[in-house]
Structure formats: structure tokens, C-alpha cells
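Read top to bottom, the protein sequences are chains P and Z.
In terms of my numbering, the first sequence opens at residue 1 and continues consecutively.
In terms of my numbering, the second sequence opens at residue 540 and continues consecutively.
C-beta atoms are modelled at their ideal positions from N, C-alpha and C, and glycine is treated no differently.
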Amino acid sequence: MNKNLGWKAIVIAVTLIVFLFGIVGLPDSWSGKGLLAALENRIHLGLDLKGGTHLILQVQVNDAVNVDSDNAAERLKADLRSHKINYAEITKPDPVKQPDRIVLKGVPPESRSDLLTIVQDRLPEYDLTSGAENTWTVSMKPQALAELKNRAVAQAIETIRNRIDQLGVSEPIIEEHGLGQYQILVQLPGVDDPARVKDIMQSTAMLEIRQSLGGPYSSEQQALQDRGGVLPPDAALMPGRSIGATQAEGGQVWYLISRASAVTGRDLRNAEPSRDENGQPSVQFNLTNEGGRRFAAFTGAHVGENLAVVLDNKVQEVAVIKEQIHDTGVINGRFTEQEAKDLSMILRSGALPAGIKYLEERTVGPSLGSDSIRAGVTAAVIGMLAVLIFMLVYYRAAGINADVALVLNLIILLGFLGFSGATLTLPGIAGVILTVGMGVDSNVLIFERIREELRNGKTPPSAVEQGFSHAWITIVDTHVTTIVSAIILFIFGTGPVRGFAVTLSFGLFANLFTAVFVSRVIFDWILSRKQVGEALSIG
Amino acid sequence: MEFFRNPNIDFLGKKWYFLAFSLVFSVAGLFSMTFWHGIPYGVDFRGGTLVYVKFAQTPDDNAIRAALDRAGLHNARLQRYGQSASNEELIDVSEQETNEQALDRSKTQIIDALESNAPAGKVDLNNASFLTVKNYLLQKDPLRLGTDADQRYGAQAQAIVDYRDKTKSGVLTSMDGLKGAADPAVVASLTDGFFLSNFAVRNVEIVGPQVGSQLRRQALLATAYSLAGMLIYLAVRFEWIYGVAAVVTVFHDTLITVGAFSLMNKEISLTVIAAILTLIGYSNNDTIVVFDRIRENLKLMRREKLSDIVNRSINQTLSRTILTAGLTFLTVLALFLFGGEVLHGFSFALVIGILIGTYSSIAIAAPILVAYQDWRANRGGRRPVMVAVGNDRGQKIKAKA
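In C-alpha cells, the structure reads:
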């Protein structure tokens, strides 16, 4: 038995050392300050403790679906024309609720099989269903639709990460959030004024260079009058700023801009802030080889005419094409220096596949964070001391046993946090405190049972044996139910609440080891040193 | 030391008192939820803008309200927050705003309204971030630094911000105090670009209406799943009636805890829901300990009436129940008293919940078992009725009623 005890003691000692290492690692110095620094290094604090901004973004995935179905509709038109199939009209009746639905009217019945072939070959991600009176509905296959939406979210996360990385925020978290709602969680530690970051993230940055066919007009009506009441079918009116106005000033004017674009943001290789010939801040961009070829063809064909730089459906600039341009260009938008810097950064990071909307914003100032740490630690220390002292008074020598188990429980819990890189939040600190309260329950269960067995006349060794084996079943049941609660919290919760679920579950797992195994070893050790028949000190 | 030595209290005999007690609190809570305060949803669930502000002096509510009125925020709610010495105030704009932009605007409006005395072109140092201070220093270059300017000014800015946040709890009242923390030349240069307002924004929460309703649904689902999980686990480990009894008990605890929030008009935030889910687990612990003992005693005392067995089991575990509840209560009380304002709702829920959870495992859960037994006996019209209980090896053990 003594040999067995020796092995168990070694297991406990190793566990202690491993988890102590988990808490502080190998500190540079063993002074109080060195240990504290090592602790801060190992245990990751949540935003609510160190300050920062927490944002939840909604990716408007329907934007991406609309882009796809717009393209599909264009392709369909072209193919019907080339196959000489007649049709009355192709529309998207409800781009808001059913962005993937294209309705095709007036196709003669005899073209039925041709139409089927076209959709199957050219739009493999779409289904064709027939309706009344030669009406057909083309809509996306459910699986393709889901994939498209998920891809939009993944792309948005990638783009936002690129942008935030360039802002120099340390350790940002950018991940999908929620259960299939196309939301993104962004956590920015140390950022307590998120206005600029938010603007930068939200900018879809859809850059296009198109042909400018007319303008500026002071209003849409004026544009219509100028064109004799009818706009050309392949052009649209777009808002822009009047010459000389800065970004902040209004002064909106309208331009008539071609629908087709010569190059888009996808053709960009690089974008840098620079200055134009008047020394004003501007953005210079380089195009990829393929984009450069198209740009050269476009500018070559339109020398003397106007081109428009369009950003997010707003005209930034209209300029005369003086000569053929190959692969570089400059955007003059009467920017401030900061705006030019931000815009080139956004352009480099790529366009968002869909618009984003902010659903939630929480900012914790650093002063609140440090107050919270202070309050949380104070409460933890006081609660812990109260429990430790009570156990000593109530159970005397056995109380030491319980206290050792509790302290070890805490060390394992904090070590877990250090190893796993899980985040400690303010509710997480509360979870640590609760673990102390709930963890001691296992000891109480066992001790009360041992007392009961002793009262029933059992010898100390058999009372300990009985106490542990009876209490074990109960302890498993109670731990399982609490851990079930914690797991559900983890699934449904966010940020701080998740931190709570994590510390609570870790704490309870550790408790199974300390309250049952460690406590038992200590009892056995005490019993092995006592004479047969000597009493056990359990209050 | 021992508080209870062989207690022998007839708990089941007092079941009508217990029922009356529980009914009074449940009905009072329900009454408040339907006719009085309603369910006081926090900003997490109803959506809105909350700005927590700490002032240098005791805040003057009338002046703040006037400033907010001038900014067009007529419906803002003001509330003192935390201890009065900490000069904190909660500004709440949650009049059913319909969209996120409006909420975002409210935040800027609140801060602008409070900053109304700002000198032109200067930034408020009390609400400036580390980056703002660092960039300012880099641009101003008061120390005429060379290549390591970025690092050195970073350290200076950090020292300034740390002094403000950690030593002064976020609000500086004069720039002079900074001289101990940062280079005097750096501090002197700050006055050109910064001024000191009399407040600092400690925390901002903006929750859009969409998230609010989504979170409400998730909180309900989480609670429902949690209860279902308990029911299934207990039905498997014991008998389905034990699961039902435990879930009814926990539901009772949740109802009374939420009722207490409604009665006291305390807001229910996300962390309060976390506390309630913890209580579901905790209250179940207590119930399971009693149930485990009933199961064990059913094996030992096959000839006794179920009500006697249940009574005996409660008494045998009473010492443990009270001790554990007392110790957990101690830790939660420490949290409630010292854990700070942010955790106030959370620890309040735990304080109430632990009291109710302990009471209910004695007064509600076990009597339900006996009541079910009696009901079966009456309906069947013949005695004795068997109660089947699986033991820990999964065998069925029968006890006479």
C-alpha cells in the first residue's frame, strides 16, 4: 500500500509542476514582479478586462447573390439572342427577398428544349422551372446558393482581416459568428475609438473605371432634359461631387456613366498614396497584366473622351483621356492625406463581396477594464479565503486536506487557461470563484459521508473507503449536469459569457481529480501513519 | 464542529407551507412581469445605446439632461451607477430606434453633448486613445528624438494613458499630475493639442434591434436546451419522473429569480442569463444529491413508505446541502459585494438563485416524487404501488409504497 501511495504522490507532484508551468511558464525572474509579468504573458485577458472594441457585422449576402444573378441574367439574354430564341422580357421581380430568382417571359413553347439546354450548359448552378403562360423561372440551386453565401462571408472575413492587419491592431479576432446568420465577430483589443476602423471595414471599395457619357448635371431632371427625356439603355446616372468640393462638403452633381466597366478593383495589382501634379493627395494604382491590356484597349479606343473613376457607385473623378494608358492610373478625389492613405489601403485589401452592416458595438475603456480586474481579483481572494478558513474550522485536520485539494484545483484551472490559450473574461473570473464554491461541494459530500459512516461504528479506514465510494456516484451526476449547462452556454454565448463557460467546465473537470483522487491519497497517507483504531480528525 | 447531528425534521409534513411560500413568490414575480415592470430586458435584448460615463465631480443630472436636450436626445434616460463616490452615470438612449445607424449616431451625440465646452481644434485627453496620444507626440516631437522616436513616444503615450486609466480611474482633472508619470517636456507639449473634459467614457454598448431579438431567442433556446439536457440525463440515470421533478424544480427557481429581477426592476443582461443557466446546473446538483440518497435508501429500506424514505434521505443529506449552499453562498456574496458594478446583475442572480435552489431541492423536488406516487396510488385504486428505481448498476429495485 505504501508503494502504491508513493506512485500516486508522484502523479500529484508532476501534475502540480506541469500546471504551475502552465500558469507562469518559465519566468525571466522569480521576483514578485517577474512572476506577475510571466502570468500576464500566459493568461489571455478578454476585451472586457483589457479594453477594446467588440463588433458584430452582418454580411449582406444578398448583395453577392444579386451580383451573381445579374450576371446570369445577362448571360441568358446573350445566349437567347445568339440561339435566336424570342422572349418578351427577363426580370428579377424581387431582388430583396429572392435575389436569385430570374423570371423569363414570353418564350414560345417550341423553344422549350433549347431553353433547357442553354440553362443546363451555361448556368449549371441554376434550375429552370416552368410556370403559366410561357413564363419560366430561373433560380439558383439551394446548394449553390448556400455555397455562394458562405463564400461571401469567408471572403468578407479575409478582406476585413487584410484591412485590420494594415491598421496595426495587435491580436485582432475576426471570425464567423452566430449560427448560420452570416455574421462576423470582430474583436479589436486596445481600440477604444472605433469610428475610423469601422469606416475602413465597412467600405465595400468596389472600384470601377467606366466611360463618362455626359455631365455634370445639377439634378437628375436636368440630365433627362439634356438627353431629350430618354437615357441611353446602356448608361445610368450616378452621383458625384462637384469640382473643387472636398470629401466632407456636399455639392452633389450627376453624371451619365456607361453601365459596362473597363476595369474593376479585381484588376488592381497595387495602390499607393501619392500626390497629383498640383501637389494634392491622390491615389496611384497599378493594374495586372490582363487588366492593363483591357485598360489600354479601352483608353486607346476613347482618346479625347471622358473616363470616370467610380467607387462604390459614386463618381470620384471624371478626366479626359489624353492618350492610351497601359497599366497605371491616378485617382484624384480631392482627398485629405488620411483619406488618400486609407483609400489606397482599402483598395489593396480588395473589395468586399457584399455590403456589411454593424449590428452590435461594445467598447470597453481601459480604465473600466483595470477596475474590473481589481474588483474580480478582490472578490476571488476574499471568497477563496472565506471558504478555506471555514473548512479548517469545521473539519479541522480534514479541512487541511480539503484546502490542499482546493488550492490544487485552482492551480490546475489556471494552468489549463495558460496552456489552452483560452481567454479569461470578467464573468470568467466569476467562474473561477464559483468553481471554488462548487468544487468544495465534492469535499463536503465525501466528508459528511465519512462522518456518517464513523457514526455508524465503522473503523476509520473503512469509513474513508465507504465515504469515497458512495459519494463518487453523486459527484459524477452533479458534475455532468453542471457541465451540460456550461457546454450549452458555450454554444450559445459570446465573448465574456463563453469565458465563463470555459472556466466553469475546466474548474469542474479539475475538481474531479483534486477532490476525489488527491483527497483520497491524503487520507490514505494519514491513515497509513496512524495506529490501528486511532481516531480520524474530521471535526 | 458540526451543525446537524442526526436531524429528523418532517419536511414532507410541511409541504403545504412550502407550496404556499413558492406560490407567493412565483405569483408575485409573474404579476410583476405581466402587470408591473414587465421583464426588464437589458440593452443586450432590447437594443439601444448605452454610454457609461465617469465624471470628475458629482454629476449634475439637470445640466447633463439640458446638454442632451440641446443635442436632440430628448428621451435619454439617466441613471447613477455604482457607488455614489465613483461619480458614474449611465446614459441610455433606447427609445425603440429602428436601425443601427441611428443608434451609432446617438453615441456620438451623447459624447458631443457632454464635450460642449471643448476649445476649437483640441482633443479631449480624457477620451483620447493610446494611438491618438502617440501619433500626436510623434508629430509634435517635443523631445527632438531620432530613430527610436516611435518606440520612445509609444512608451510615453502608454505611461500617460496608464496613469489616467489605472491611477486616476480614467478621469484626469489637471495635466500637472502627469508630470510624475511622463517626461515633463512631453506633458508640457500636450496642452497645445489637448484639453481636459470633466468626464471619461468608460464603456459603450450599441446593440441593434436585430441582434436584440436574436439574443432573446438564443437565451430562451439555451435555457430550454439546458432543461431538456437535464431531463434526459436524469431520465436515463434514474427514472423519468425524477427528471420531471428536477426540471419542474429548476423551472420554479428560474421563474422566481427572473421574478425577483422584475420586482426590483433590475435589468436582465446576457451575463444574467449565464448566471441563470449556472443556477440550473447548481440547483440540479442539490436535487441530484437528494435523489441519489433516495435511490440508495430504496435499496436498503424496502418495507418503508416512500414518504418516510424521502424524509430520511433529505435529513441525511441536510448537513451537506446546507454546508455546500452556505459555502457557495459565501463565494457568491464576495462576488456581489466586491466584484464590481459590471458583475452586479450576475452576482445578484446567483445570490437569489442559490437561496431558492437550495430551498427548492428540499421543498419542491422530493415532494413531487411523493405526490406522483400518491396520485398513481389513487388512480390505480389499489395498494401497494411499486416505484421502480434503477440502481447504479442499472438493475431495477422495487420498493413498496
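Whole-Å CB distance - residue i paired with residue j, under 8 Å assumed
i, j, result
"residue 809(Z)", "residue 583(Z)", "5 Å"
"residue 862(Z)", "residue 444(P)", "5 Å"
"residue 308(P)", "residue 218(P)", "Actually they do not touch by this definition, with Cβ atoms about 17 Å apart."
"residue 664(Z)", "residue 734(Z)", "7 Å"
"residue 405(P)", "residue 537(P)", "16 Å between Cβ atoms; not a contact."
"residue 792(Z)", "residue 822(Z)", "5 Å"
"residue 513(P)", "residue 412(P)", "7 Å"
"residue 231(P)", "residue 283(P)", "No, residue 231(P) and residue 283(P) are not in contact; Cβ-Cβ is about 30 Å, not under 8 Å."
Candidates the options: closest to residue i by CA position
i, options, result
"residue 328(P)", "209(P), 426(P), 359(P)", "209(P)"
"residue 592(Z)", "845(Z), 737(Z), 864(Z)", "737(Z)"
"residue 915(Z)", "691(Z), 849(Z), 845(Z)", "845(Z)"
"residue 291(P)", "302(P), 326(P), 420(P), 306(P)", "326(P)"
"residue 554(P)", "366(P), 258(P), 73(P)", "Given that chain P is displayed from residue 1 to residue 539, the structure contains no residue 554(P) and the question cannot be resolved."
"residue 562(P)", "220(P), 298(P), 118(P), 260(P)", "Any property of residue 562(P) remains undetermined from this structure, which presents chain P solely from 1 to 539."
"residue 545(Z)", "619(Z), 868(Z), 859(Z)", "859(Z)"
"residue 824(Z)", "62(P), 439(P), 99(P)", "439(P)"
"residue 303(P)", "228(P), 288(P), 236(P), 323(P)", "323(P)"
"residue 376(P)", "879(Z), 887(Z), 651(Z), 647(Z)", "879(Z)"
Within chain Z, partners of residue i - CB distance below 7 Å
i, result
"residue 365(P)", "709, 739, 740, 741, 742"
"residue 540(P)", "With chain P represented from 1 up to 539, any question about residue 540(P) goes unanswered, as that position is not in the structure."
"residue 378(P)", "877"
"residue 56(P)", "750"
"residue 281(P)", "Going along chain Z, no residue has its Cβ under 7 Å from residue 281(P), so there is no contact; the nearest lies around 17 Å."
"residue 383(P)", "869, 870, 873, 874"
Contact set between residue i and chain Z, taken where Cβ atoms lie within less than 8 Å
i, result
"residue 427(P)", "810, 813, 882, 885"
"residue 255(P)", "Within 8 Å Cβ-Cβ: nothing; residue 255(P) doesn't reach chain Z, min ~27 Å."
"residue 488(P)", "761, 764, 765, 768, 816"
"residue 465(P)", "Neighbours of residue 465(P) on chain Z: none; closest Cβ ~16 Å, over 8 Å."
"residue 505(P)", "The premise fails here: residue 505(P) is roughly 10 Å from chain Z at the closest Cβ pair, so nothing lies under 8 Å."
Contacts that residue i makes with chain P (C-beta to C-beta distance below 9 Å)
i, result
"residue 649(Z)", "Those do not exist, as residue 649(Z) stays about 13 Å from chain P at its closest Cβ, beyond 9 Å."
"residue 858(Z)", "444, 448, 451, 452"
Neighbouring residues, chain Z, relative to residue i (Cβ below 9 Å)
i, result
"residue 199(P)", "Within chain Z, no residue comes near residue 199(P); the closest Cβ sits about 11 Å away, beyond 9 Å."
"residue 398(P)", "Under the 9 Å cutoff, chain Z gives no residues; its nearest Cβ is about 11 Å from residue 398(P)."
"residue 394(P)", "540, 541, 542, 862"
DSSP three-state assignment for residue i, whether helix, strand or coil
i, result
"residue 625(Z)", "helix"
"residue 803(Z)", "coil"
"residue 248(P)", "Summary for residue 248(P): the model assigns pLDDT 47, below 50, so the residue's position carries little reliability; its value from the coordinates is reported in the next sentence. Note: residue 248(P) maps to coil in three-state DSSP."
"residue 532(Z)", "Past the boundaries of the shown model lies residue 532(Z); chain Z is included only from 540 to 940, so the question cannot be answered."
"residue 733(Z)", "strand"
"residue 460(P)", "helix"
"residue 744(Z)", "strand"
"residue 43(P)", "coil"
"residue 834(Z)", "helix"
"residue 686(Z)", "coil"
"residue 174(P)", "strand"
"residue 91(P)", "strand"
"residue 532(P)", "coil"
"residue 349(P)", "helix"
"residue 278(P)", "coil"
"residue 391(P)", "helix"
"residue 123(P)", "coil"
Amino acids of chain P, ordered along the chain, whose beta-carbon sits closer than 8 Å to that of residue i
i, result
"residue 622(Z)", "Going along chain P, no residue has its Cβ under 8 Å from residue 622(Z), so there is no contact; the nearest lies around 11 Å."
Chain-ordered chain P contacts of residue i [CB-CB under 7 Å]
i, result
"residue 792(Z)", "Those do not exist, as residue 792(Z) stays about 13 Å from chain P at its closest Cβ, beyond 7 Å."
"residue 669(Z)", "190"
Do the segment 161-178 of chain P and the segment 26-39 of chain P meet, that is, are 3 or more Cβ pairs less than 8 Å apart?
Because the criterion of three Cβ pairs below 8 Å is not met, the segment 161-178 of chain P and the segment 26-39 of chain P do not touch.
How about the segment 781-795 of chain Z and the segment 503-516 of chain P: do they share at least three Cβ pairs that are nearer than 8 Å?
Result no; under three Cβ-Cβ pairs closer than 8 Å.
Per the contact definition of three or more C-beta pairs closer than 8 Å, is the segment 181-196 of chain P in contact with the segment 43-53 of chain P?
The segment 43-53 of chain P is in contact with the segment 181-196 of chain P.
Touch test, the segment 489-497 of chain P against the segment 406-422 of chain P, Cβ-Cβ under 8 Å, three pairs minimum
Proximity of the segment 489-497 of chain P to the segment 406-422 of chain P falls short of the contact definition, fewer than three beta-carbon pairs being nearer than 8 Å.
So does the segment 113-120 of chain P actually touch the segment 157-166 of chain P, counting three or more Cβ pairs closer than 8 Å?
No, the segment 113-120 of chain P does not touch the segment 157-166 of chain P.
Given 8 Å, three or more beta-carbon pairs between the segment 886-894 of chain Z and the segment 866-874 of chain Z
The segment 886-894 of chain Z is in contact with the segment 866-874 of chain Z.
Is the segment 758-771 of chain Z in contact with the segment 380-396 of chain P, if contact means three or more CB pairs nearer than 8 Å?
Look at the beta carbons and you see the segment 758-771 of chain Z not touching the segment 380-396 of chain P: under three pairs across the two are nearer than 8 Å.
Do three or more CB pairs link the segment 848-857 of chain Z to the segment 340-358 of chain P at distances below 8 Å?
The segment 848-857 of chain Z vs the segment 340-358 of chain P: no contact.
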